[in-house]
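Shown next, in C-alpha cells, is the structure this report addresses.
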C-alpha cells in the first residue's frame, strides 16, 4: 500500500493510493473500494484524474529536487558539526534527512524555520505537543499545498534524546536553499550556534 500524496503525487495529487500484491487480493480490494463487479474497471474517479496523472508525470522531477535539497541540508549541517544521516555523498533510498540537533530548543528552532520557508501557513509557529500515537511530545512543520504531502517541505521530531529532526521534501531546490538559510539563521538567532 502506498500514498499518492507523498512522492508519487509530486505535491499535485489531491488524494489516492496504490496497492501492490497478489492479483486476487487486489481485485477484492478494488471491489470493496467501488462496487462488486465494477472493481478496477472504473479507473481514476471522484474527478481526480488530472491531478493524479499530472502528479505521476511530475514525480521524478519532484523527487529529484527533494533529494538535492536533502543533500544540501546534509552538507550544510555536517559542516556545522552535526551528525546527519545519510551523509551528503552517500547513496539515498529516500528523501528523508535525519539531523541530530542535540536539544529541544534546536529542534523547535529548526521546525519554526522550515515552517517559515513554506508556501502555505508560513506565519504559523510550530510548538511541541502531545500528539496521539506518540510517546513523547512532537513538533511538526509542514506548510504544504496538500495536507500530509511529505514531498513538500516538512520537518518533525520527537522531543527526546538525542533530539533528531527528520527533514524531507522541497518541491524545488530554490525553496530548499531558502529553508536551509532560514534554519541556520534561526539556530544563530536562538544562540544555539555561533559562526565565525
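Numbering (my numbering), first residue to last: 9 to 204.
Backbone N, C-alpha and C define an ideal beta-carbon position, used for all residues, glycine too.
Next item on the list: Spell out a yes or no on whether the stretch 123 to 135 and the stretch 97 to 109 are touching, meaning 3 or more CB-CB pairs, one atom from each, closer than 8 Å.
Entry: no
Item checked: Cβ distance (whole Å) where residue 29 is taken to contact residue 39 below 8 Å -> No, residue 29 and residue 39 are not in contact; Cβ-Cβ is about 15 Å, not under 8 Å.
Check: Using DSSP with H/G/I as helix, E/B as strand and the rest coil, what is residue 139?
Finding: coil
Notebook entry, point to check: Helix, strand or coil: which one does DSSP assign to residue 21?
Noted result: coil
Check: Under the three-state reduction of DSSP, which class applies to residue 68: helix, strand or coil?
Finding: helix
Check: For residue 59, does the count of other Cβ atoms within 10 angstroms reach 16, so buried, or fall short, so exposed?
Finding: buried
Notebook entry, point to check: Got a sec: is the Cβ-Cβ distance from residue 22 to anything in chain B below 8 Å?
Noted result: No chain B is present in this structure, which holds just one protein chain.
Margin query: DSSP three-state label for residue 130, please.
Written below: coil
Next item on the list: Consult DSSP for residue 213 and reduce its assignment to one of helix, strand or coil.
Entry: As shown, the chain starts at 9 and ends at 204. That puts residue 213 outside it, with no answer to give.
Notebook entry, point to check: Looking at C-alpha atoms only, which residue of 173, 13 and 64 is the closest neighbour of residue 164?
Noted result: 173
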